[in-house]
Amino acid sequence: DGGITQSPKYLFRKEGQNVTLSCEQNLNHDAMYWYRQDPGQGLRLIYYSQIVNDFQKGDIAEGYSVSREKKESFPLTVTSAQKNPTAFYLCASWGSSYNEQFFGPGTRLTVL
Amino acid sequence: GQQVMQIPQYQHVQEGEDFTTYCNSSTTLSNIQWYKQRPGGHPVFLIQLVKSGEVKKQKRLTFQFGEAKKNSSLHITATQTTDVGTYFCAGPNSGGSNYKLTFGKGTLLTVNP
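Below, the structure is given as structure tokens:
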């Protein structure tokens, strides 16, 4: 089955630690995205990548970093510089043959 | 930059009542998309509207795109408990490609059985 996988579903970290969230897609989509979701805030774009080895900052990139070494993978690192990292993180992808963005199941990060 | 606003933020209805959420863009859109996110789930694409004044139906859901292509609405007739979730509208950034979307903040619908 084609789709997007994110792991883990739930993640707990201590304050001050960096943490990397995984996102893998087998849809052969060129573009991939990371969104952050907080209650009542909708979906806010963190980073996006149109092609391998290229990515751009979204609206709330501070405290986050990404890499795009493979078409299938777009990991997100939440660094200790992110002031309020506890949130629901959604990865998505888009292919030019489609209208919509496809979302993964999300990772709920809690920083203690 | 482009802004997409949705109202209301929350709506609680009794099962069987109708529900409407409205979406307004600060710029003219080439198309508008609607997504649904069930509680604890991820957004799932519902539909895309492209033409000015377009109306599309999916069973009890009616989607409308405004004549000026700056606003849209989603109307649910006779809500059911399965309709519970957050409904988002999204429009493409300048250029018209759906490569980069701006999402509204969503309307959370709860249904009392």
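Line by line, the protein sequences give chains A and B. Our numbering numbers the first residue of the first sequence as 1 and each following residue consecutively. Our numbering numbers the first residue of the second sequence as 113 and each following residue consecutively. Each residue gets a CB set at the ideal place from its N, CA and C atoms; glycine is no exception.
Rounded straight-line distance, which links the Cα of residue 27 of chain A to that of residue 20 of chain A: Here residue 20 of chain A refers to the residue found at position 20 when the first sequence is read from its first residue. Here residue 27 of chain A refers to the residue found at position 27 when the first sequence is read from its first residue. Each residue's alpha carbon lies about 22 Å from the other.
Is it buried or exposed for residue 184 of chain B, if we count other Cβ within 10 angstroms and need 16 for buried? In the second sequence, counting from the first residue as 1, residue 184 of chain B sits at position 72. Per the 10 Å Cβ criterion, buried.
Segment limits, beta strand (DSSP E) that includes residue 183 of chain B: Along the second sequence, read from residue 1 onward, the residue named residue 183 of chain B stands at position 71. First-last of the beta strand (DSSP E) with residue 183 of chain B: 183 to 188.
At a CB-CB cut-off below 9 Å, which residues of chain B make contact with residue 40 of chain A? By one-based count along the first sequence, residue 40 of chain A stands at place 40. Correct list: 121, 122, 217, 218, 220.
If distances are taken between C-alpha atoms only, which option among A:42, A:7, A:14, A:25 comes closest to residue 82 of chain A? The residue given as residue 82 of chain A occupies position 82 in the first sequence. That would be A:14, whose Cα lies nearest to the Cα of residue 82 of chain A.
Could you give the DSSP three-state label for residue 214 of chain B: helix, strand or coil? What you label residue 214 of chain B is simply residue 102 of the second sequence in a count that begins at 1. Here residue 214 of chain B sits in strand by DSSP.
Among residues of its own chain, excluding the 5 on either side of residue 31 of chain A, which ones have a beta-carbon nearer than 6 Å to its beta-carbon? Your numbering for residue 31 of chain A matches position 31 in the first sequence. Excluding sequence neighbours, residue 31 of chain A sits near 50, 94.
Contact set between the region 148 to 175 of chain B and chain A, restricted to residues whose Cβ is under 8 Å from the partner: 153, 154, 155, 156, 157, 160
What is the residue span of the beta strand (DSSP E) that residue 62 of chain A lies within? The residue labelled residue 62 of chain A in the question sits at position 62 within the first sequence. Unbroken run through residue 62 of chain A: none, as it is neither H nor E.
So, for residue 16 of chain A: in the same chain, excluding its five sequence neighbours on each side, which residues have a beta-carbon less than 7 Å away from its beta-carbon? Within the first sequence, numbered from 1, the residue matching residue 16 of chain A stands at position 16. So the qualifying residues of the chain are 80.
For residue 177 of chain B and residue 163 of chain B, what's the separation of their Cα atoms in angstroms? The residue given as residue 177 of chain B occupies position 65 in the second sequence. The residue given as residue 163 of chain B occupies position 51 in the second sequence. For residue 177 of chain B and residue 163 of chain B, the distance between alpha carbons rounds to 7 Å.
Chain-ordered chain A contacts of residue 131 of chain B [CB-CB under 8 Å]: Translated into the one-based positions of the second sequence, residue 131 of chain B becomes position 19. Under the 8 Å cutoff, chain A gives no residues; its nearest Cβ is about 18 Å from residue 131 of chain B.
Just to confirm my understanding: we take residue 130 of chain B, look at its own chain, exclude 5 residues before and 5 after, and list those with CB closer than 6 Å. What are they? Start at 1 with the first residue of the second sequence, and residue 130 of chain B comes out as number 18. Closer than 6 Å at Cβ, skipping near neighbours: 189.
Against chain B, does residue 106 of chain A count as a neighbour if the rule is that its beta carbon must be under 7 Å from one of theirs? Here residue 106 of chain A corresponds to residue number 106 of the first sequence, with the count starting at 1. Cβ-Cβ to chain B under 7 Å: yes for residue 106 of chain A.
Please find out if some non-hydrogen atom of the ligand COA comes closer than 6 Å to the beta-carbon of residue 112 of chain A. This structure does not include the ligand COA; it has no bound ligands of any sort.
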